[in-house]
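First comes the structure, then the notes that go with it.
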Amino acid sequence: MNGEERRALIIKALEQSQLAISASKLAKNFSVSRQIIVGDVALIRAAGIQVRATSKGYLLANGEGEAWYLGKVVCQHGPADTRAELALIVSLGGCVLDVAVEHPYYGELTGNLDIRTQGDVDQFVKVVEAGKVRLLSDLTGGIHIHTLECATEEGFKKIKTALKAQGFLYLG
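According to our numbering, the stretch in the sequence shown is residues 5 to 176, in order.
Right, dumping it as structure tokens:
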């Protein structure tokens, strides 16, 4: 199979999957290296197809090519409220794509999250509570920015309103 055929099959696999597919899994499926898949995805993006890299793999806009509504929220809370914040967002249909903080020396630091379900929330919090990772917001007194993916702008506004009602939205 040549590269063009493989890229067509990668697109097809992403269109048919509701979950992210890792480069390693794609590489195994097509009997090529992970680096070949990374290059293929770069070429797919260059062709104008929306492919997003997450901590769990690659995602594609749905088969009809619908775009996602992306919005940012600035939040502040302590580590004990992380589960409640994330659970609120996913319960209202949002996906937490990433978290960013403003570091005084390094500038903006961003970590990919791709938290879409309550199971994702539970898994993330379990890792944090086990001490395997620290929250980026530990560096900034709890202030952080999330990029949220929602089906509509209205859905994003509902999430933002709910975060404010719970005291998670940073108001300055």
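Glycine included, every Cβ here is placed at the ideal spot set by N, Cα and C.
If you're wondering where the values come from, they're calculated on a predicted model, not measured in any experiment.
Endpoints, alpha helix (DSSP H) assigned at residue 20: 7 to 20
Status (buried if at least 16 other CB within 10 Å, exposed otherwise) for residue 62: buried
Residue 28 classed as buried or exposed, judged by whether at least 16 other C-beta atoms fall within 10 angstroms: exposed
Proximity below 9 angstroms, CB of residue 152 to CB of residue 160: yes
Euclidean distance between Cα positions of residue 30 and residue 38: Each residue's CA atom was taken as its position, placing residue 30 and residue 38 some 8 angstroms apart.
Residue from 126, 101, 144 with nearest C-alpha to residue 109: Of 126, 101, 144, the residue nearest in Cα terms is 144.
Whole runs of the beta strand (DSSP E) within the stretch 50 to 86, excluding any shorter than 3 residues: Correct list: 55 to 58, 61 to 64, 73 to 80.
Residue from 169, 14, 115, 26 with nearest C-alpha to residue 102: 115
Limits of the unbroken beta strand (DSSP E) element including residue 101: 99 to 107
Beta-carbon contacts of residue 104 that lie in its chain and below 7 angstroms, excluding the five residues immediately before and after: Counting only Cβ-Cβ distances below 7 angstroms, and skipping sequence neighbours, we find 112, 113, 114, 148, 149.
Through-space distance from residue 120 to residue 206, alpha-carbon basis: Because residue 206 is not part of the residues shown, which for the chain are 5 to 176, the question remains open.
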